[in-house]
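Peer 1: Got a structure here, written out as structure tokens. Questions coming.
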Amino acid sequence: MKRIGVFICHCGINIAKTVDVEALTEEIKKYPGVEHAENYKYMCSDPGQNLVIDAIKEQKLDAVVVAACSPTLHENTFRNASERGGLNRYVCEMANIREHCSWVHDDKTVATKKASLIIKTIVEKVKYDEPLEPIQVNVTKRALVIGGGIAGIQAALDIANAGVETILVEKGPSIGGRMAQLSETFPTLDCSQCILTPKMVEVSQHKKIKLIAYSEVEDVEGSVGNFKVKIKRKAAYVDQAKCTGCGICYEKCPIKVDSEFEEGLGKRKAIYTPFPQAVPNKPIIDTEHCTFFLKPGKCKVCQIVCPVQAVDFEQQDEILEEEVGAIVVATGYDIYEPEKLKEYGYGTIPDVITSMQFERLLSASGPTVGDVRRVSDGKEPKRIVFIQCAGSRDKENHLEYCSKICCMYTAKHALLYKHRVHDGEAIIFYIDVRTAGKGYEEFYNRVTDEGATYIRGKVSKVYQDNGKIIVLGADTLSGKQVEVEADMVVLALGMVPTRNSEALVRTLKIQCDANAFLTEAHPKLRPVESNTTGIYLAGAAQGPKDIPEVVAQASGAASKAIAILTQDEITFEPTIAGVDEDLCSGCGICVGVCPYNARELDREEMVIKVVEALCQGCGSCSSACPSGAAQQRNLIDRQIERMVVSALEEN
Amino acid sequence: MSKLLIDKDFKRRIEEISDQKLSDCYQCGRCTAGCPFANFMDAPPNQVIRFMQLGLKDDVLDSQGPWFCAACLVCQTRCPRGVDIPRLMEAVRVIHLRAKEGLIDVSEIDKELLLDAPPLALMSAFSKYTY
Chain A
1 MKRIGVFICH CGINIAKTVD VEALTEEIKK YPGVEHAENY KYMCSDPGQN LVIDAIKEQK
61 LDAVVVAACS PTLHENTFRN ASERGGLNRY VCEMANIREH CSWVHDDKTV ATKKASLIIK
121 TIVEKVKYDE PLEPIQVNVT KRALVIGGGI AGIQAALDIA NAGVETILVE KGPSIGGRMA
181 QLSETFPTLD CSQCILTPKM VEVSQHKKIK LIAYSEVEDV EGSVGNFKVK IKRKAAYVDQ
241 AKCTGCGICY EKCPIKVDSE FEEGLGKRKA IYTPFPQAVP NKPIIDTEHC TFFLKPGKCK
301 VCQIVCPVQA VDFEQQDEIL EEEVGAIVVA TGYDIYEPEK LKEYGYGTIP DVITSMQFER
361 LLSASGPTVG DVRRVSDGKE PKRIVFIQCA GSRDKENHLE YCSKICCMYT AKHALLYKHR
421 VHDGEAIIFY IDVRTAGKGY EEFYNRVTDE GATYIRGKVS KVYQDNGKII VLGADTLSGK
481 QVEVEADMVV LALGMVPTRN SEALVRTLKI QCDANAFLTE AHPKLRPVES NTTGIYLAGA
541 AQGPKDIPEV VAQASGAASK AIAILTQDEI TFEPTIAGVD EDLCSGCGIC VGVCPYNARE
601 LDREEMVIKV VEALCQGCGS CSSACPSGAA QQRNLIDRQI ERMVVSALEE N
Chain B
1 MSKLLIDKDF KRRIEEISDQ KLSDCYQCGR CTAGCPFANF MDAPPNQVIR FMQLGLKDDV
61 LDSQGPWFCA ACLVCQTRCP RGVDIPRLME AVRVIHLRAK EGLIDVSEID KELLLDAPPL
121 ALMSAFSKYT Y
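These protein sequences, in sequence, are chains A and B.
So in this note's numbering, the last one in the first sequence is 651, and the numbering has no gaps at all.
So in this note's numbering, the last one in the second sequence is 131, and the numbering has no gaps at all.
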């Protein structure tokens, strides 16, 4: 039988006012197993802690119960004290008689009785507590960043600058992401490429960063500290080692294809780099359009002109295996499909374009070198209608959420248009204008100052009449229907998570919400962590956000990764759920209920294996397990049973 | 359905006469909220300004709001954007007056009325409604 010591705190008068601590001490002394009980004014003070330490030594105690405040406040304090007294820290428990008792009751008799019951249940618990040792995991000091947009670039640079080797995997042929496509950024109107490309170059030249472009993460195994990652390097049909990026191949290639980077407003070749500042600046072959692949053996112009014989039609996809200790997911966003907004005529009216297309028109490196021109006839539009919330805030038909950035980028579009076409008229239909950000409201004021007309109301229809675009809408402020003739219509489309990223999310075993945005561990306090320890989130993959927010989140995710990757080994609480393999039938129910992916079914032995580094000790598996094989350490079924019995005994 | 053809000249005229910038108004409605006469107006102050912002000349000139405005300056005092609304209302009245509609021909005024009417009202009418 364990010799148990109980230490009752007055907490000044916080407990002593409502609980008769002297009577309580006498009562507890009589309880079976309790060898020693005493009370003190402030148990957490140094003299209070010394009482615990001395009693452990003098009374040869095997376990300690401190009846005081919530364990979130002082569990560590008393476990440390118990260690100093020579006990294992996990045989020290707190009985919460303040928040759960004295603070919520007035009647001293009842409160004292309740305090006594609380202490007795914890005494029952501590009787079965085992000494435990913290779980230690060795750390592979390398990071993986998935996605080479501004979020991934920032995270990779921050981790690498902390001295940790970082692998940056990008799906496309170049890093840069959406930000590389933008014209100028609100509210300062910095040229997007001008501020981004130095960072891209820094990535490519960084000694600690291994950039793997035109590749995708295929498989992830393991857990925090030790992930094993399989990366598929797609065949580019250009030997990356030989290629010098001279560009003769794509100059000579005879096949022209709509450029994805230019959002279909410009052309690229079948062998191409997406844009001139691409990093890496090595072309790839698009096999869907390349003559050689459509008519095997034909053309080969690129191969013939290449001065270093880098074009290799025989190249195959390649699987690279890497080991990393932490992962940052920065898979970014796409814009909402404009075709779904049938009433706005995208796809049938050529001069109804997307916000991203308008970015390309405004960009100095875009298809019109920054001149605003109509897609249909190349003429300068004299009146542009911008439709905000195109697809956003429409629970019934489209996206329920606000995409956050459209108000600001539309204000920017209107301003840049007025700068390009001085006599041009910008008319913006909106539901609300949301300008929450530093300098954003001021920017919006500047845009209205410069003559943009804001009309509060949704557009019902966009159609063509005699070659003119007619926009039907309402101005709810004047209570009038309005009809506007426009030369061009720009749809401010909402943000959705990058399409086809579900497989990656499944591979990583992280969660996403109903809109497929990645779910953070806590919406307020752990916004850059996923529910899986060691996997962190950055950028618009987690939710709509603008560039400064993305960069801040990426740096946050990086610092979380660095905190793990700069240690030799990481330590976790041992109070997690184990498996009694003799009892486990391998039914797998616990695998489904575990929110942290800490449980895996071993199909050979047909028992559950626990990934100790991932288990957070929430207890879901223990309550779901039909055979009692899943047991929380120091909170096993027997303990809970004894605690319940003890709580009910006196009633 | 009203086509939105922003009458830029009309907007400019209102801005010139009143020395106010129409884009300053963000339609919060505080002017209407505190106006002692808003209940009597067919279009309350913020809506008259909205008509002005959209360059809806007829709506502005047809509305009776500006004629109910007593220039008590409550709206101007409270406007968070510093818009002097009474000046905008005055601008509407001035545009009406300068249009010289309903001029008074002194020789045709009924003698009885001339004798009965307060001299101040007559002087005021002459100053506004005669060449």
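We treat Cβ as the ideally placed atom computed from N, Cα and C, and that holds for glycine.
Determine which residues of the stretch 390-421 of chain A have a Cβ less than 7 Å from any Cβ of chain B, and write them out in chain order.
Peer 2: none
Peer 1: What would DSSP say about G172/A, mapped onto helix, strand or coil?
Peer 2: In the first sequence, counting from the first residue as 1, residue 172/A sits at position 172. DSSP places G172/A in coil when its eight states are reduced to three.
Peer 1: To which residues does DSSP link Y90/A through a beta bridge?
Peer 2: Walking along the first sequence from the start, residue 90/A turns up at place 90. Y90/A pairs with nothing; no bridge assigned.
Peer 1: Quick check: is the beta carbon of D449/A nearer than 8 Å to any beta carbon in chain B?
Peer 2: By one-based count along the first sequence, residue 449/A stands at place 449. Output row for D449/A: interface = yes.
Peer 1: Tell me, please, whether the CB atom of D475/A is closer than 8 Å to any CB atom in chain B?
Peer 2: Numbered from its first residue, the first sequence carries residue 475/A at position 475. Answer yes: the Cβ-Cβ gap between D475/A and chain B drops below 8 Å somewhere.
Peer 1: I need the DSSP call for N651/A, collapsed to helix, strand or coil.
Peer 2: Counting from one through the first sequence, the residue named residue 651/A turns up at place 651. Residue placement at N651/A cannot be trusted, given a pLDDT of 49 that sits under 50; what the coordinates show is reported in the next sentence. N651/A falls in the coil class under three-state DSSP.
Peer 1: Evaluate contact between the stretch 10-20 of chain B and the stretch 614-624 of chain A, counting only Cβ atoms and requiring at least three cross-stretch pairs below 8 Å.
Peer 2: no
Peer 1: Please list the terminal residues of the continuous alpha helix (DSSP H) segment that includes G48/A.
Peer 2: Translated into the one-based positions of the first sequence, residue 48/A becomes position 48. Run containing G48/A: 46-58, per the alpha helix (DSSP H) assignment.
Peer 1: Tell me whether A95/A is buried or exposed, calling it buried when 16 or more other Cβ atoms sit within 10 Å of its Cβ.
Peer 2: Here residue 95/A refers to the residue found at position 95 of the first sequence. The residue in question, A95/A, is buried, as its Cβ has 16 or more Cβ neighbours within 10 Å.
Peer 1: Please say whether Y129/B and I95/B have beta carbons closer to each other than 8 Å?
Peer 2: The residue given as residue 95/B occupies position 95 in the second sequence. The residue given as residue 129/B occupies position 129 in the second sequence. For I95/B and Y129/B, no; Cβs fall outside 8 Å.
Peer 1: Closest by CA to I285/A, which one among A235/A, E323/A, K242/A?
Peer 2: Position 285 of the first sequence, counted from the first residue, corresponds to residue 285/A. The shortest C-alpha separation from I285/A is found at A235/A.
Peer 1: Which residues in the same chain as K171/A place their Cβ atom closer than 6 Å to its Cβ, once the five residues preceding and following it in sequence are excluded?
Peer 2: Translated into the one-based positions of the first sequence, residue 171/A becomes position 171. Excluding residues within five positions, the ones whose Cβ falls inside 6 Å are E216.
Peer 1: Excluding the 5 residues flanking V65/A on each side, which residues of the same chain have their C-beta closer than 6 Å to its C-beta?
Peer 2: For the purposes of this step, residue 65/A is taken as residue 65 along the first sequence, with counting starting at 1. Here the set comprises V6, E93, A95, I122, V123, V126.
Peer 1: Specify, as a first and last residue, the run of the alpha helix (DSSP H) that L415/A falls within.
Peer 2: Position 415 of the first sequence, counting from 1, holds the residue named residue 415/A. From DSSP, the alpha helix (DSSP H) with L415/A extends over 406-420.
Peer 1: Would you kindly report the start and end of the unbroken alpha helix (DSSP H) that includes Q303/A?
Peer 2: Along the first sequence, one-based indexing puts residue 303/A at 303. Q303/A -> alpha helix (DSSP H) spans 301-305.
Peer 1: Among V92/B, D24/B, C28/B, which residue has its Cα nearest to the Cα of D62/B?
Peer 2: As a first step, residue 62/B must be located in the second sequence, where it is residue number 62. Closest by alpha carbon: V92/B.
Peer 1: Below 8 Å between beta carbons: does that hold for T331/A and G494/A?
Peer 2: Here residue 331/A corresponds to residue number 331 of the first sequence, with the count starting at 1. Here residue 494/A corresponds to residue number 494 of the first sequence, with the count starting at 1. The answer is no: Cβ separation not under 8 Å.
Peer 1: So V579/A packs on V607/A, CB below 8 Å; how close in whole Å?
Peer 2: The residue given as residue 579/A occupies position 579 in the first sequence. The residue given as residue 607/A occupies position 607 in the first sequence. About 6 Å; that satisfies the 8 Å criterion.
Peer 1: Please return the same chain residues whose Cβ sits closer than 6 Å to the Cβ of I589/A, not counting the five positions on each side in sequence.
Peer 2: On the first sequence, residue 589/A is found 589 positions in, with the first residue counted as 1. A624.
Peer 1: So which residues of chain B does S460/A contact, with C-beta pairs closer than 7 Å?
Peer 2: Position 460 of the first sequence, counted from the first residue, corresponds to residue 460/A. The contacting residues do not exist; S460/A stays about 11 Å from chain B at best.
Peer 1: On the three-state DSSP scale, how would you describe S460/A?
Peer 2: Numbered from its first residue, the first sequence carries residue 460/A at position 460. Strand, per DSSP.
Peer 1: Which value, in whole angstroms, describes the spacing of the CA atoms of L88/B and K461/A?
Peer 2: Taking the second sequence and counting its residues from 1, the one referred to as residue 88/B is at position 88. Taking the first sequence and counting its residues from 1, the one referred to as residue 461/A is at position 461. Taking the straight line joining both Cα atoms gives about 34 Å.
Peer 1: Which two residues bound the contiguous alpha helix (DSSP H) that contains F227/A?
Peer 2: Stepping through the first sequence from its first residue, residue 227/A is reached at position 227. No alpha helix (DSSP H) holds F227/A; the beta strand (DSSP E) holding it covers 226-233.
Peer 1: Could you give the distance in angstroms between the alpha-carbon of G451/A and the alpha-carbon of M200/A?
Peer 2: The sequence position of residue 451/A within the first sequence is 451, counting from 1. The sequence position of residue 200/A within the first sequence is 200, counting from 1. Cα to Cα, the separation comes out at about 37 Å.
Peer 1: Once you ignore the five residues that flank Q53/B on each side, which residues in its own chain have a CB closer than 6 Å to its CB?
Peer 2: Within the second sequence, numbered from 1, the residue matching residue 53/B stands at position 53. The residues are L22.
Peer 1: To the nearest angstrom, how far is the alpha carbon of V311/A from that of C615/A?
Peer 2: In the first sequence, residue 311/A corresponds to position 311, counting from 1. In the first sequence, residue 615/A corresponds to position 615, counting from 1. Distance between the alpha carbons of V311/A and C615/A: 49 Å.
Peer 1: Using a Cβ-Cβ cutoff of 8 Å, what residues of the stretch 51-84 of chain B are near chain A? List them in chain order.
Peer 2: F51, Q53, L54, L56, D59
Peer 1: When the cut-off is 8 Å and only beta carbons count, does S23/B lie next to chain A?
Peer 2: In the second sequence, the residue the question calls residue 23/B occupies position 23. Yes - at least one Cβ of chain A is within 8 Å of the one on S23/B.
Peer 1: What are the boundary residues of the alpha helix (DSSP H) that S183/A is part of?
Peer 2: Within the first sequence, numbered from 1, the residue matching residue 183/A stands at position 183. Per DSSP, S183/A belongs to no alpha helix (DSSP H) and is neither H nor E.
Peer 1: Determine which residues share a DSSP beta bridge with V480/A and list them.
Peer 2: Counted from its first residue, the first sequence places residue 480/A at position 480. It is Lys, not Val, that sits at residue 480/A in the sequence shown. Beta-bridge pairing links K480/A to D475/A.
Peer 1: Three-state secondary structure (DSSP) at K298/A?
Peer 2: Looking up residue 298/A in the first sequence gives position 298. Residue state, collapsed to three classes: coil.
Peer 1: Between the alpha carbons of H289/A and I255/A, how many angstroms are there, rounded?
Peer 2: The residue you call residue 289/A lines up with position 289 of the first sequence. The residue you call residue 255/A lines up with position 255 of the first sequence. The alpha-carbon atoms of H289/A and I255/A are separated by roughly 7 Å.
Peer 1: Roughly how many whole angstroms lie between the Cα atoms of G266/A and D258/A?
Peer 2: As a first step, residue 266/A is located in the first sequence; it is residue number 266 there, counting from the start. As a first step, residue 258/A is located in the first sequence; it is residue number 258 there, counting from the start. Spanning the two alpha carbons is a distance of roughly 6 Å.
Peer 1: What number of angstroms, rounded off, separates the C-alpha of K141/A from the C-alpha of Q567/A?
Peer 2: Taking the first residue of the first sequence as position 1, residue 141/A is located at position 141. Taking the first residue of the first sequence as position 1, residue 567/A is located at position 567. K141/A and Q567/A: Cα-Cα distance of roughly 8 Å.
Peer 1: What residue range does the beta strand (DSSP E) around T354/A cover?
Peer 2: Stepping through the first sequence from its first residue, residue 354/A is reached at position 354. Segment 352-354, the beta strand (DSSP E) holding T354/A.
Peer 1: Taking T453/A as the query, report the chain B residues whose CB atoms sit under 8 Å from its CB, ordered along the chain.
Peer 2: Position 453 of the first sequence, counting from 1, holds the residue named residue 453/A. Those are I6, Q53, L54, listed as they occur along chain B.
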